[in-house]
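Here is the structure we will look at, set down as structure tokens.
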Amino acid sequence: MTESSSEAISRRFEVGRVVERYGIIGVVIIMALLLYALQPEYFFSIQNVTNILRQIALNALLAIGMFLVILTAGIDLSVGSVLALAMMSLTMANADGVAWPIVVLIGPLVGIACGAVNGLGLTLLRLPHPFIMTLGTLNVARGLTNLISGGRPISGLYREVRYLGAGQIPVPGLGEFGAIPVSAVVILLAYVGIAYFLNRTSIGRHIFAIGGNPQAARVSGINVDRMLVLVYTLCGFFAGLAALLLAGRTDSGFPNAGIGAELDAIAAVIIGGASFFGGRGTVLGVFAGVLIMGLLRNGLNLMDVSVFWQQLLIGLIIILAVYIDVLRRRAAVRT
Amino acid sequence: MKKVIALTTAMLMGSVFAANATTVVVAMKGPGSGNPFWAAVQAGAEAKGKELGVNVVVVAPPEESDIQGQINLVEDQLAKKIDALAIAPTDPNALKPVVDEAIKQGVGVVFIDTKGINEGVTFIGTNNEVGAKLGADYICKNVPKGSEVAILQGIITQSTGKARADGAHNELTACGMNVVAEQPADWDTGKAQSATENILTGHPKLAAIFASNDNMALGAVQAVKAANMAGKVTIVGFDANPNAAAAVLAGDMAATVAQAPKNIGAFGVENALKVKKGEKIDPVIDTGTVLVTKENAKDYK
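Sequence order for the protein chains is A and B. The first sequence begins at 817 in the working numbering and counts up one residue at a time. The second sequence begins at 7 in the working numbering and counts up one residue at a time.
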């Protein structure tokens, strides 16, 4: 082998890696341009861009938690119900006149508690698969939500409680709708934080290791059970945080919140290129997955396309995304 | 490729034209396909749009429980600078901020089917109390005065449940019936069946039952049949579901009360436009109810 050809191979390898890591961002950009071409008047209007940012916040938070769980080759079906439980807990506390700094903490704390129950149940009871534990807590949390609330929605929250979900940071010079939603800042912090945690800390790297090969991880001295409890607790925390945002956005709590939200979160993670079997995926990919779903829904809404087409298209995109992943891995095996 | 260009151009031009016409958005709770009620609301709205020469866009989340979905749909429409909005809120509390936003943007807003909590916004829909009175009145006219009658209530904490229960109670007591039982059965067929079984045990001479919706009326039908009292108890429901219409034709139910969903859609479009133009409209507009008996039940099947 001559030097030049090996260089060519390594360069091709480099290109391949760049495409693998950042190709999904290209997909997002192409999608945005396409939607812009179809709706030139509205798509990039300030109002619509802030709409998109607000609308993806919920799925973005649930998806980043779900991503951590899926990295360990797990699944958390309970996030939608945990969201509802946290939402009703905090809005009921608000209605009872509890001080706002405590109300704000209740959402995330309920999420953390539920996540810890998932993680501990999973590891202590040695249930065969997280699907089962979290299917259980999906029902338990939804039942509890309806029990404590009597199935009734509650409206009217403190301004401070609403800040994360409904607050705006005005940007001077951009007109009436020129403001950054606070929820977008929350998402940015969450994603940067989790990216740092996964890539720059030893605990984060252990999470990848568990998903890649749990046996090897155990042998190499990683406390797998403790990691799992941490991961499910974090996932619960993000569901609780999402509850605080949704309560703020809607100025209310409603027991039906988050029905089916777990499936959207799973879809975003998978579209973003994470492996369903653990150990592989990027935070950037998850964000792209969330954006692809959000842009698609927003764009089709603007074009007055029926929600049934949206469901159908998102379904096809999930299959396509996983198929691309299969092709990519097959190609990787060949070289 | 030419086709793609042509199609894209057509879509672009379409959106430009649409922007010129007056646009009224009708935001329903659930999709028209698969639900005759919403399909009729949509048909009524679209027909009214054609009549008035305005562009009517009907949107709905895939399921009535999808509150976030409805919020997103409305937000996306607001980004398109629409003129008027007739909305049936999936959750009156949760939709309040986005309805406020619409009003702030100068969109003419009315509530249809379900009343929201935003102040000063007109509600257009069925007056459930009047509808329940209509159903109860049928019992008054067809059952001897002083007979024992029962009321099956829906979820009483909901405004619809309360209005129907109150309307029936007031009318039945006013015409001299002996209301022996008023039990909640939460709109549910199974619960209504159990409740009716218990009522019949305690009141074997029961002459009539007013059920606040058809699902409960159909549960009462099962209980009455099981007690071998078919034909002796006059059962009246509410909603005029296809199943209930069939039961009326079969003689299992005596009557039911139909809402007028086409009116809900049509009045919604018309009045949202009036609000946009700054005209004053009534705070509550009744879209009317119709008594459905053997004579007209086939129209509702």
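Cβ atoms here follow ideal geometry from the backbone N, Cα and C, with glycine treated the same way.
Through-space distance from residue j to residue i, alpha-carbon basis
| i | j | result |
| --- | --- | --- |
| A/Pro1071 | A/Val1149 | 48 Å |
| B/Pro98 | A/Leu899 | 20 Å |
| A/Arg870 | A/Arg1065 | 9 Å |
| B/Thr166 | B/Gln265 | 13 Å |
| A/Asn867 | A/Leu851 | 15 Å |
| A/Leu874 | A/Phe1103 | 12 Å |
| B/Leu101 | B/Val65 | 15 Å |
| B/Val32 | A/Ile841 | 35 Å |
| A/Val920 | A/Arg978 | 9 Å |
| A/Tyr1012 | A/Ala876 | 17 Å |
| B/Gly59 | B/Leu91 | 16 Å |
| A/Leu1111 | A/Val1085 | 15 Å |
| A/Leu943 | A/Gly937 | 8 Å |
| B/Lys147 | B/Asp119 | 29 Å |
| B/Gln228 | A/Ala957 | 34 Å |
| B/Ala46 | A/Gly839 | 46 Å |
| A/Pro988 | A/Ile996 | 11 Å |
Residue i - DSSP class collapsed to helix/strand/coil
| i | result |
| --- | --- |
| B/Asp292 | strand |
| A/Asn867 | helix |
| A/Thr818 | Its pLDDT being 48, under 50, A/Thr818 is placed unreliably in this model, and the value from its coordinates should be taken loosely. In this structure, A/Thr818 counts as coil in the three-state DSSP scheme. |
| B/Gln111 | coil |
| A/Ser1018 | helix |
| A/Ile1026 | helix |
| A/Phe1124 | helix |
| B/Asn234 | coil |
| B/Asn61 | strand |
| B/Ser165 | helix |
| A/Leu893 | coil |
| A/Ala995 | strand |
| A/Thr961 | helix |
| B/Leu91 | strand |
| B/Glu188 | strand |
Chain B contact for residue i (CB, 8 Å cutoff)
| i | result |
| --- | --- |
| A/Thr818 | Because the pLDDT at A/Thr818 is just 48, under 50, the model does not fix this residue reliably, and the value given afterwards should be weighed accordingly. Not an interface residue. |
| A/Asp912 | no |
| A/Tyr858 | yes |
| A/Phe1124 | yes |
| A/Asp1120 | yes |
| A/Arg1113 | yes |
| A/Asn955 | no |
| A/Thr1066 | yes |
| A/Asn1117 | yes |
| A/Ile1075 | yes |
| A/Ala1156 | Any property of residue 1156 of chain A remains undetermined from this structure, which presents chain A solely from 817 to 1151. |
| A/Phe1054 | no |
Closer than 7 Å: residue i CB and nearest the ligand GTP heavy atom
| i | result |
| --- | --- |
| B/Val275 | Questions concerning the ligand GTP fall outside what the structure shown contains, since it holds no ligand whatsoever. |
C-beta neighbour in chain A for residue i, strict 8 Å
| i | result |
| --- | --- |
| B/Ser165 | no |
| B/Asn78 | yes |
| B/Ser71 | yes |
| B/Lys86 | yes |
| B/Glu154 | no |
| B/Gln228 | no |
| B/Asp97 | yes |
Pair within 8 Å by beta-carbon distance, residue i and residue j
| i | j | result |
| --- | --- | --- |
| B/Ala171 | B/Glu188 | yes |
| A/Met904 | A/Leu1062 | no |
| A/Thr907 | A/Ser1036 | no |
| A/Asn962 | B/Asp82 | no |
| B/Asn269 | B/Gly243 | no |
| B/Tyr306 | B/Ala246 | yes |
| A/Gly1095 | A/Gly991 | no |
| A/Val1047 | A/Val933 | no |
| B/Ile145 | B/Val155 | yes |
| B/Ala251 | B/Thr299 | no |
| B/Val116 | B/Val127 | yes |
| B/Gly50 | B/Pro267 | yes |
* What residues in the region 100-128 of chain B have a beta carbon less than 7 Å from any beta carbon of chain A? -> Under the 7 Å Cβ criterion, the region 100-128 of chain B contributes Ala100, Lys102, Pro103 and Ile123.
* Listed from N- to C-terminal order along the chain, which residues in the region 959-975 of chain A have their beta-carbon within a distance smaller than 9 Å of any beta-carbon of chain C? -> Absence of chain C from the displayed structure is noted, the protein chains being A and B.
* Asked: Looking at chain A, which residues of the region 232-256 of chain B have a Cβ within less than 9 Å of any of its Cβ atoms?
  -> If the cut-off is 9 Å between Cβ atoms, the region 232-256 of chain B has nothing near chain A.
* To do: Select from the region 874-904 of chain A all residues with a C-beta closer than 7 Å to any C-beta belonging to chain B, and list them in chain order.
  => In summary, the residues of the region 874-904 of chain A whose CB is separated from some CB of chain B by less than 7 Å are Leu874, in the order they occur in the chain.
* **Within 8 Å of chain A by C-beta, residues of the region 189-218 of chain B in sequence order** => The region 189-218 of chain B vs chain A, Cβ under 8 Å: nothing.
* Just by C-beta distance, which residues in the region 860-872 of chain A are closer than 7 Å to chain B? -> Going along the region 860-872 of chain A in chain order, one finds Ser861, Gln863, Asn864, Asn867 and Gln871 with a Cβ nearer than 7 Å to chain B.
* Residues from the region 1125-1148 of chain A in contact with chain B, defined by Cβ distance under 7 Å -> Listed by position, the residues of the region 1125-1148 of chain A near chain B (Cβ gap below 7 Å) are Gln1127.
* To do: With 9 Å as the limit, tell me which residues of the region 38-69 of chain B have their beta carbon closer than that to any beta carbon of chain A; keep them in chain order.
  => Ser39, Val63, Val64, Val65, Ala66, Pro67, Pro68 and Glu69: these are the residues of the region 38-69 of chain B whose beta carbon lies less than 9 Å from some beta carbon of chain A, given in chain order.
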